[in-house]
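K.L.:
Got a structure here, written out as structure tokens. Questions coming.
Protein chains: 2
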Amino acid sequence: MHNCAIPGHPTAPQQRSSCTTCSLRELCLPVGLTDEEIEYVGNLTNHKLRVRRGEYLLHAGADFRSLYAVKNGSFKTYTLRVDGRQQVTGFYMTGELLGLDAISPEKHTCDTVALVDSEVCEVPFIKLEEIGRSIPSLMSQFHKIMSREIVQDRGVMMLLGSMRAEERLAAFLLNLSTRLARRGYSSTDFILRATREDIGSYLGLKLETVSRSFSKLQEEGLITVNNKHVTLHDLGKLNRMIGNSMD
Amino acid sequence: MHNCAIPGHPTAPQQRSSCTTCSLRELCLPVGLTDEEIEYVGNLTNHKLRVRRGEYLLHAGADFRSLYAVKNGSFKTYTLRVDGRQQVTGFYMTGELLGLDAISPEKHTCDTVALVDSEVCEVPFIKLEEIGRSIPSLMSQFHKIMSREIVQDRGVMMLLGSMRAEERLAAFLLNLSTRLARRGYSSTDFILRATREDIGSYLGLKLETVSRSFSKLQEEGLITVNNKHVTLHDLGKLNRMIGNSMD
DNA sequence: CGGTCGCTTGAGAGCAGTCAATAGAAGTGG
DNA sequence: CCACTTCTATTGACTGCTCTCAAGCGACCG
């Protein structure tokens, strides 16, 4: 049964969906395919799941069967540390693919919880591999997505290994900024879905340090913060701060 | 031409090689294949490259065409930071696959240098995708390897985000220990190929801190260090130190 | 055998963590 | 709709870990 008893698990009825009509054609797997191919790929994502804010899409340890493409909304993934506290491993927004870490162990390694009401497409992995065999460009696109995940994680490792608190926060905000811009939202004005604690966990900082860093960036005139509402005033300076030339 | 002019680039003549006779059948891509399939896969890794200690296998920015399986030896990968210093992103030993980060940008993102005299199998990526289409289990194995890379990076993020110097070093040593054991080497007695500075860069620490942490672990009786020669005395305590239950 | 490179150790500075108090936002139930 | 509780965020004071700067030692290589 899919409607399991775990509290917070999504219980909304599954809906049929189609890649042909999906608004994420550019962001999800089917990129550079003919309409005919996309039609065929439609078999891939047969289920759309609704996950309400605070509900879990996945629990660590669950058997791996599917990847999940975020159709809209926002998720965080985390693992539990020995002391029982959460270590946030990633944030996922519209058009991004969840569950890549589960392919090798064949178990999900992260708890995955919705930060706002969200929808995801379930992509059975066996089907993906099957269909990928007949549509090489689909397979290639999938490989690029996995590779991109590796590159992204490397970026975070870099950040954790060599940046100070303020720089980490700046890098985080700029990362959000580009990802939002790619989706047509403002790159300079947005609402944070994560708490200071989640951000801190992701950036290897305590929540107090995150808060102080927000204040510091604000004092320096680089941003304005009002709780979850953030405005970036100078993308150039922020980029230079973390060692990106601005172009 | 493959023998390019970059100083330190491998210049050894390329040799034909075969997966059928390769000693790494368990570790490399061809896992769980029939001998017939492996024979076929032989077309995959048509070149064996020798890279001497200190020579570069790859330079950041180079066009992506192939992955490289380490046949024997040891490599480090790093990117250059703004200040010109190296940030080490990974260590690779026998049986591990180099270059996965390059698939998406279609450029290599890391400089890759041999820490000891080494040999690698060049695996043209186009061929891998091609052959993978006819041999599903090869493709699946490749996906697992990519996924494992993601899981491994997550582990490092965890480490960088939440552990103190001594714990990071313990985790690093234990990681080496398991990887060496899997290859039939001693899990408690080995030679470090990397310098204190490289280890520090990878772990987000300064070389002095790495050195101090080595000394501290030795004082506590957990290890013996003599320059590059390390002996682990108590895997159990080391594991518990980083929050692994010992089983 | 001298030089270079890598490693160790010490002393002091600085940044982030810890503990604590307060304020504000959001969600709940009467 | 308001009162109440809980969750989240901000700020301060102090501690402590890691970095920085510096000196000295030892290994390896030419």
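Just so you know, the protein sequences line up as chains A and B, in that order.
Take the first sequence: its position 239, counted from the start at 1, is 239 in the UniProt record's numbering, and no numbers get skipped.
Take the second sequence: its position 184, counted from the start at 1, is 184 in the UniProt record's numbering, and no numbers get skipped.
C-beta atoms are modelled at their ideal positions from N, C-alpha and C, and glycine is treated no differently.
1) If the cut is a Cβ gap below 7 Å, which residues of chain A does I103 of chain B touch?
2) Can you confirm whether I150 of chain B, when its beta carbon is compared against all beta carbons of chain A, has any partner nearer than 8 Å?
3) Taking 8 Å as the threshold (beta carbon to beta carbon), is residue 300 of chain A in contact with chain B?
4) Are the C-beta atoms of Q86 of chain A and some chain B residue less than 8 Å apart?
5) Please say whether S211 of chain A and E166 of chain A have beta carbons closer to each other than 8 Å?
6) Below 9 Å on C-beta distance, what does T109 of chain B contact in chain A?
7) If we ignore side chains and look at the alpha-carbon of each, how far apart do E119 of chain A and Y92 of chain A end up?
8) Give the DSSP-derived three-state secondary structure of S177 of chain A in the structure shown.
9) So the candidates are B:L80, B:R50 and B:S104; which of them puts its Cα closest to the Cα of M146 of chain B?
10) To which residues of the same chain is I242 of chain A closer than 6 Å at the C-beta, ignoring the five residues directly before and after it?
11) Output, in chain order, the set of chain A residues within a Cβ distance shorter than 9 Å of R133 of chain B.
12) Please give the ranges of any alpha helix (DSSP H) in the segment 130-181 of chain B, keeping only runs that are unbroken, at least 4 residues long and fully inside the region.
13) Grouping DSSP H, G and I as helix and E and B as strand, with all else coil, what is Y185 of chain A?
14) Identify every residue that forms a DSSP beta bridge with H233 of chain B.
15) Using C-beta distances below 6 Å, list every residue in its chain close to L174 of chain A, excluding the 5 sequence neighbours before and after it, in chain order.
16) Let me check understanding here. Comparing Cα to Cα, which of B:E130, B:K48 and B:L80 lies closest to S201 of chain B?
17) Leaving out five residues on either side along the sequence, give the residues of the same chain with a beta carbon under 7 Å from the beta carbon of S137 of chain A.
18) Take the Cβ of S215 of chain B as the centre, count every other Cβ of all protein chains shown within 10 Å, and call the residue buried at 16 or more, exposed below.
19) Pull out every residue of the UniProt domain "HTH crp-type" (163-236) of chain A whose Cβ sits closer than 8 Å to any Cβ of chain B, in chain order.
20) Is it buried or exposed for K48 of chain A, if we count other Cβ within 10 angstroms and need 16 for buried?
21) Measure the C-alpha to C-alpha separation of I135 of chain A and L192 of chain A and round it to an integer number of angstroms.
22) According to DSSP, simplified to helix, strand and coil, what is P10 of chain A?
23) Could you check which residue in B:E39, B:D111 and B:N43 has the C-alpha nearest to that of L128 of chain B?
24) Please report the distance separating the alpha-carbon of P124 of chain B from that of T209 of chain A.
25) At the level of alpha carbons, what is the spacing between N226 of chain A and L160 of chain B?
26) Scan the segment 33-61 of chain B and note each continuous beta strand (DSSP E) run of 3 residues or more that stays entirely inside, going in chain order.
27) Which residue's Cα is closest to the Cα of T231 of chain A: A:L176, A:L29 and A:R148?
28) Between the C-alpha atoms of I150 of chain B and V151 of chain A, what's the straight-line distance to the nearest angstrom?
29) How many angstroms separate the CA atom of C28 of chain B from the CA atom of F190 of chain B?
30) Given a limit of 9 Å on CB to CB distance, which residues of the UniProt domain "Cyclic nucleotide-binding" (29-103) of chain B reach chain A?
31) Pick from A:T188, A:T195, A:T178 and A:L57: whose alpha carbon is nearest that of V113 of chain A?
32) Can you list, in chain order, the residues of its chain whose CB lies under 6 Å from that of V88 of chain B, leaving out five sequence neighbours each side?
33) In whole angstroms, what separates the C-alpha of residue 255 of chain B from that of G99 of chain A?
34) Determine the closest residue to I131 of chain B out of B:D234, B:V70 and B:V41, with distance taken between C-alpha atoms.
35) Roughly how many angstroms separate the alpha carbons of H229 of chain B and R50 of chain B, rounded to a whole number?
36) For chain A, find out if any of its Cβ atoms is closer than 8 Å to the Cβ of E119 of chain B; answer yes or no.
P.N.:
Based on what the coordinates show:
1) H143, K144 and S147
2) yes
3) Here chain A covers residues 1 to 247 and nothing more, so residue 300 of chain A does not appear.
4) So, not an interface residue.
5) no
6) V151 and R154
7) 12 Å
8) helix
9) B:S104
10) E167, A170 and A171
11) G132, R133, S134, P136 and M139
12) 136-162
13) Secondary structure at Y185 of chain A: coil, using DSSP grouped into helix, strand and coil.
14) Answer is none; H233 of chain B lacks a bridge partner.
15) L238
16) Ranked by how close their Cα comes to the Cα of S201 of chain B, the residues B:E130, B:K48 and B:L80 have B:L80 in first place.
17) G32 and L33
18) exposed
19) S201, Y202, L203 and G204
20) buried
21) 38 Å
22) Note that P10 of chain A scores a pLDDT of 47, beneath 50, so its modelled location is shaky and nothing firm can be said.
23) B:N43
24) 46 Å
25) 29 Å
26) Counting only runs of 3 or more, we get 47-51 and 56-58.
27) When each option's Cα is compared against that of T231 of chain A, the closest is A:L176.
28) 9 Å
29) Spanning the two alpha carbons is a distance of roughly 23 Å.
30) Contacts with chain A (Cβ-Cβ distance below 9 Å) from the UniProt domain "Cyclic nucleotide-binding" (29-103) of chain B involve T79, R81, V82, D83, R85, Q87, V88, T89, G90, L100, D101, A102 and I103, listed in chain order.
31) A:L57
32) K76, Y78, D198, S201 and Y202
33) Look at the range of chain B in this structure, 1 to 247, and you will see that residue 255 of chain B is not part of it.
34) B:V41
35) 25 Å
36) False, the Cβ-Cβ gap to chain A never drops below 8 Å.
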